[in-house]
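Enquirer: Numbers in my numbering are just positions in the sequence shown, counted from 1, shifted up by 149.
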Amino acid sequence: MEASALATDEMEALATRILEGLRKLTALEKQDKEGEASDAKAQAQAELIPLLEKAILRSPDDQTMRIVYRRIYGDGDDAFETGDPSFDRFEMMRASLVALSVEFGKAWTRPESAALIPRFIETYEVDTSLCVKPLEAFTSMNDFFYRAIDLEAHRPLSPDPNADGARVISAMADAHYMLFRPWEMVRGLVVKNKVFNMHDFLGGDETGFAADMEGGDVICVRLHPRHIHRAYAPLDATIGRIWHGGIAYHTTKPIGIEHPFIDTLGENKRVVVELVTSWGSFLVAFVGGPLIGSVQLQVQQGTHVERGQEIALFAYGGSAIYMCFPRSFPRIDFTIPSNLPLTQAAELQLRSTLGSLAQPSVSSTSSATSFSS
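#1: What did DSSP end up calling residue 161 once you bin it into helix, strand or coil?
#2: Could you tell me the boundaries of the beta strand (DSSP E) in which residue 445 lies?
#3: Quick one: complete alpha helix (DSSP H) runs, 4+ long, within the segment 361-385?
#4: Counting beta carbon pairs with one atom in the segment 288-300 and one in the segment 482-490, are three or more of them shorter than 8 Å?
#5: First and last residue of the alpha helix (DSSP H) that includes residue 348?
#6: Given that a residue counts as buried once 16 or more other Cβ atoms are within 10 Å of its Cβ, and exposed if not, what is residue 117?
#7: Starting from the Cα of residue 250, find the closest Cα among 195, 207 and 208 and give me that residue.
#8: Our contact map puts residue 440 next to residue 378 with C-beta atoms below 8 Å; I'd like the distance itself, whole angstroms only.
#9: Excluding sequence positions up to five away, which residues of its chain have a Cβ less than 7 Å from the Cβ of residue 450?
#10: CB residue 208 to CB residue 257, shorter than 8 Å?
#11: Give the single residue among 350, 479 and 443 whose Cα lies nearest to the Cα of residue 428.
#12: Please report the straight-line C-alpha distance between residue 155 and residue 219, rounded to a whole angstrom.
#13: Can you name the start and end residues of the alpha helix (DSSP H) that residue 399 belongs to?
#14: Kindly indicate which residue of 433, 168 and 188 has the alpha-carbon position closest to the one of residue 177.
#15: Quick one: is the Cβ of residue 214 within less than 7 Å of any heavy atom of the ligand ZN?
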């Protein structure tokens with residue numbers, strides 16, 4: 150593999166090749182539904198994977214994929230034109246990237262993908278001093294992507310002094326954090342003029358939780374490729390219901406989240422987990438993005454977790470976590486400002502202090518709301 154970073158014109162040319170490959174794969178996906186294109190689709194996926202690897206590993210700040218997303222989601226001069234009036238650019242993301250994401254996840258789990266690790270480290274300036282094992286011990290690219298670190302040495306759990314009855318809420322991951330208070334502010338700051346439907350976002354929630362979210366808080370946690378792709382419990386809790394939702398893998402970059410005609414939050418594949426605490430229940434939604442193969446939960450219903458304990462990991466790809474606190478949950482004093490644009494998100498380290506809340510009384514503990522069935 151060449152070591153040099155791509156020049157701007159090379160990234161533009163590579164983005165065009167990726168888009169043409171996605172267009173081809175989208176057409177084959179339609180045929181494959183009728184059992185006509187399995188072999189051709191597999192070949193198209195195999196041709197796209199090295200192009201995507203080149204884009205990921207040789208583009209500063211993920212610029213090639215930013216060009217790809219800009220041309221898929223853009224309008225006017227930015228739009229990807231195919232010459233086919235019946236072609237739906239957005240269907241490219243809904244259909245072809247779902248299948249491709251699964252195959253890409255498989256490719257980066259194979260042993261030969263470990264050869265890509267040094268270039269990934271260089272491109273994204275990954276701090277390898279955090280790793281608990283040497284680089285040569287990683288068995289694949291994904292094994293490195295969701296690498297474990299020495300938590301006590303590098304990400305110690307923020308203390309909970311409890312002197313004034315407070316309870317610390319910890320950051321779930323190394324990531325950029327945005328607080329929407331109330332969550333309806335998402336409509337203005339993230340989704341612009343679209344109708345944001347909490348029921349749809351929660352993936353067909355049948356617990357009644359969506360109705361209790363009116364006036365509640367949502368925290369968007371966005372991970373960068375350099376970040377540690379493991380998530381940790383923000384509070385002591387018992388795992389309640391777990392369910393899946395979504396049909397697509399839209400980009401979780403601002404160009405996708407802010408698009409006026411694409412409901413990224415409502416359509417992207419995700420796993421929703423209920424955490425039942427002494428203060429009541431809240432939800433954590435693990436949302437996938439393009440080229441992500443899986444969200445792997447390390448817990449199941451009924452598991453008790455302590456604050457700072459690992460609960461999930463992401464295989465390669467775009468990823469985000471949404472923490473949803475209903476209005477019935479006690480008010481939290483967060484350490485981050487609320488309702489800022491995506492570009493002003495606060496970067497926090499996992500297991501650091503995200504906020505605090507008052508200690509529950511005996512009566513509030515006994516009457517804590519749970520949405521588990």
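All C-beta atoms, glycine included, are put in the ideal place defined by N, C-alpha and C.
Expert: From the atom records:
#1: Taken through DSSP and simplified to helix, strand or coil, residue 161 comes out as helix.
#2: Element bounds for residue 445: 444-446.
#3: DSSP runs (the alpha helix (DSSP H)) wholly in the segment 361-385: none.
#4: No, the segment 482-490 is not in contact with the segment 288-300.
#5: Residues 347-350.
#6: Residue 117 cannot be examined here, being either before or after the span of the chain that is shown, 150 to 522.
#7: Ranked by how close their Cα comes to the Cα of residue 250, the residues 195, 207 and 208 have 195 in first place.
#8: That belief does not hold up - the Cβ atoms of residue 440 and residue 378 are roughly 13 Å apart, past 8 Å.
#9: Excluding residues within five positions, the ones whose Cβ falls inside 7 Å are 388, 389, 390 and 391.
#10: Taking a C-beta distance under 8 Å as the contact criterion, residue 208 and residue 257 do not qualify as a contact pair.
#11: Among 350, 479 and 443, the Cα nearest to that of residue 428 is on 479.
#12: Those two C-alpha atoms are separated by around 18 Å.
#13: Segment: none, residue 399 is in no alpha helix (DSSP H) and carries neither H nor E.
#14: Ranking 433, 168 and 188 by Cα distance to residue 177 puts 188 first.
#15: Within the structure as shown, the ligand ZN is missing, as the structure has no ligands at all.
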